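Mapping of the sequence shown onto this note's numbering: residues 309 to 869, in sequence order. Using N, Cα and C, we set each Cβ at its ideal position, and we do this for glycine too. Here the structure is a predicted model, which is why all the values come from computation and not from measurement. Written below as structure tokens is the structure these notes are about.
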Amino acid sequence: MPRIATAALPRLAGSLISSSSSVSSVSAPAIRAFSIAAASAATRSHQNSAAATTAAARIPTSLRALSTSAVSMGGHGGEGVGEDNARPPYDQVVQDIADYVHNYEITSEVAYNTARLCLLDSLGCAVEALHFPQAVSVLGPVVPGTTVPNGARVIGTNHVLDPIRAAFNNGALIRWLDFNDTWLAAEWGHPSDNLGSIISVADWLSRTAVANGKKPLTVQDILTAAIQAHEIQGNLAIENSFNRVGLDHVLLVKVASAAVVSKMIGNSRDQTVDVISQAFVDGQSLRTYRHAPNASSRKSWAAGDACSRAVNLALLVQKGQPGLPSVLTAKVWGFYDVLFKGKEFAFQRPYTSYVMENVLFKLVPAEFHAQTACEAAILAHAEMTKVGKTSDDIEKVKLLTQEAAVRIISKAGALHNYADRDHSLQYMVAVSLMNGKLTPDMYNDDYAANPKIDELRAKMEVKEEGRYTKEYMEPEKRSIGNSVEIVFKDGSTIGPIALDYPVGHARRREEAIPLIAKKLRKHLEGHFDQARESKIMSLIEDHKALTAMPVPEFVDLWLKA
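Written out as structure tokens, the structure reads:
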């Protein structure tokens, strides 16, 4: 920030006090504080110029900004110039998203079939999350006992909520176990997080429509919105690393959900532009809660929070709130300058249905950069069993992985909670090696108390493999490679077992479908009666029956009996 000469501060203070346009935006105490600091600094400037410079630096940052602003606004003869208030056209990035949502027709059968799997898989994850008390504790209305006419339902419960709060509830449940789908690129994330807002709004709109003698939405509408949300979030993530500037990927959930929900509630294309701009100007989540030493359960409800904010913004614009034309590009105040180090977004491809077609399913409840590592460790466990060895016989475990995994999930030292453990490459591989499987309950405190887990973690060596990093970013490959090699105390080895693509990858989609069905059935067990469970499972294969279902009928399948 440019600084003004200390000797000029008294004159500036006087000009500020005499200028009604400046004084109107500054409190009297601030002016007095400014005058005192200025006079003090000016006196010291006559004694020692170096000390004067230091004194100027000690003036509160807000007042230094004020004084600098006053100088920059001064024109010839003391005439103020001010900021240019000409309204620019809306940022093209924002317009492109709105045009896609309102004008692009999705025709890809692959995308719709994948969206069906994504929907059922995500709701299965939501039901499974209900076994975890922390997840249940964040559910329900803000004020207990609140009732909402024709409200949206919360999966696996009896809650009936307004669409904003329902979006938080459903979004939190879908995301809680870090077991729903994934997208990996310059930025990573979980596009099915958007279903928290999409399902809640679709349910509320449909029940309201039925109450007024109108037709409800169908599951086909949910799938269309899901494909669009996946595309928006994923396309923004391909070339733009938000994590590099400390921002969390749920920012993209908010933007994508805001766009598709805006259309769902009947907003025009121009209103959707306004909604998207509001999503970008909204306060953005930091990745603090995903990383040591602050990893915590907020990462499990952050997507729900983003979903609820998206719905709220769409409804506010529907009520007449305007947008912000240069929300991204405004100098000093725009998203690029404030949060993205002055860089503009880059794009690799147009908005179509590419992301849904290539989304990654999780068949192991592990952060996705570790999926192939866990899969390789499970295979290694089988080999260990064949030769009569256990984790006690291991001298060293060598892990080769991508740069992203080294940076975000390679953790040494104590792991304090569930959130720490499900983002620790070493923990996930250790448990997979020891048991030949990895399930959500294995991140709990009681399970993690087994000292053998930390003993095995301490024997691990993690290194980046350049090929894995390179092919991770290549559009036609999008691999997530890992390699596991075990060295035993007797000198024998297993591996390296190397996998480039996890079973949930698009290249292994047919192999994954029966595993997705198995995962869903396991999540439903004990929560619904046999008839309901069978009905839900039938929808895995019956695309026509699913897409034709009215939304309330579909949602009712997932409610607590």
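For residue i, the nearest candidate out of the options (CA to CA)
i      : options                        : result
ASP470 : MET664, LEU707, ALA533, VAL619 : VAL619
VAL859 : LYS523, LYS670, LEU481, LYS797 : LYS523
ILE702 : ALA713, LYS771, VAL792, PRO673 : VAL792
ALA611 : VAL553, ARG473, ALA690         : ARG473
PRO748 : PRO630, ARG483, THR415         : ARG483
SER593 : GLN626, ILE584, LYS607, ASN575 : LYS607
VAL633 : ASN411, SER585, VAL446, GLU683 : First, the residue type needs correcting, since residue 633 is Pro and not Val in the sequence shown. The shortest Cα separation from PRO633 among ASN411, SER585, VAL446, GLU683 belongs to SER585.
THR698 : VAL705, LYS706, HIS689         : HIS689
ALA856 : GLN528, VAL450, GLY628, ALA475 : GLN528
GLU849 : TYR420, PRO397, SER514         : TYR420
LYS830 : SER505, ILE844, GLU818, HIS467 : ILE844
VAL583 : TYR398, ALA869, ASN520, ALA839 : TYR398
ARG840 : GLU861, LYS852, ALA820         : GLU861
PRO673 : ILE805, VAL739, ARG657, SER445 : VAL739
HIS851 : ASP407, LEU531, ALA394         : LEU531
ALA460 : SER616, GLU547, ARG577         : SER616
Burial state of residue i, where buried means 16 or more other Cβ atoms lie within 10 Å
i      : result
ARG715 : exposed
PRO499 : buried
VAL640 : exposed
SER565 : buried
ALA757 : exposed
GLN710 : buried
THR455 : exposed
GLN838 : exposed
GLU691 : exposed
ASN501 : Note that residue 501 corresponds to Asp in the displayed sequence, not to Asn. Under this definition ASP501 is a buried residue.
GLN400 : exposed
Under 8 Å between C-beta atoms of residue i and residue j
i      : j      : result
VAL635 : VAL589 : yes
LEU733 : ALA685 : no
ALA874 : VAL462 : Since the displayed the chain opens at 309 and closes at 869, residue 874 lies outside it and no answer follows.
PRO810 : ILE794 : no
ASN458 : GLU495 : no
ALA545 : ALA493 : yes
ALA622 : ILE573 : yes
HIS557 : GLY504 : no
GLN629 : ASN575 : no
LYS571 : ALA614 : no
LEU867 : ASN478 : no
GLN679 : GLY774 : no
LEU647 : VAL553 : yes
For residue i, three-class secondary structure by DSSP
i      : result
LEU481 : helix
ALA806 : strand
LYS651 : coil
ALA564 : helix
PHE796 : strand
ARG366 : Because the pLDDT of ARG366 is 40, which lies under 50, any placement of that residue in the model is unreliable, and the number read from its coordinates should be weighed accordingly. Residue state, collapsed to three classes: helix.
SER787 : coil
GLU413 : coil
VAL450 : coil
LYS523 : coil
LEU469 : strand
GLY542 : helix
ALA727 : helix
GLU703 : strand
GLY497 : strand
THR709 : strand
ARG606 : helix
TRP491 : strand
ALA869 : coil
PRO822 : helix
THR801 : strand
LYS639 : coil
VAL583 : helix
LEU531 : helix
GLU772 : strand
PRO748 : helix
THR361 : With a pLDDT of 41 at THR361, under the threshold of 50, the modelled position of this residue cannot be trusted; read the value that follows with caution. Of the three classes helix, strand and coil, the one that applies to THR361 here is helix, per DSSP.
Residue-level contact to chain D via CB, residue i, 8 Å cutoff
i      : result
ARG657 : Of the protein chains in the structure, only one exists, and it is not chain D.
Review point. For the region 713-727 against the region 814-828, are there 3 or more C-beta pairs whose distance is under 8 Å?
Key: They do not touch, by the three-pair rule.
* Three or more beta-carbon pairs under 8 Å between the region 416-434 and the region 592-605, yes or no? -> Touching, no, given that fewer than three Cβ pairs across the two stretches are closer than 8 Å.
| task | Assess, as a yes-or-no matter, whether the region 660-675 is touched by the region 537-550 under the definition of 3 or more beta carbon pairs within less than 8 Å. | result | yes
Assess contact between the region 429-441 and the region 402-420, defined as three or more Cβ pairs (one per stretch) separated by less than 8 Å. Is contact present? no
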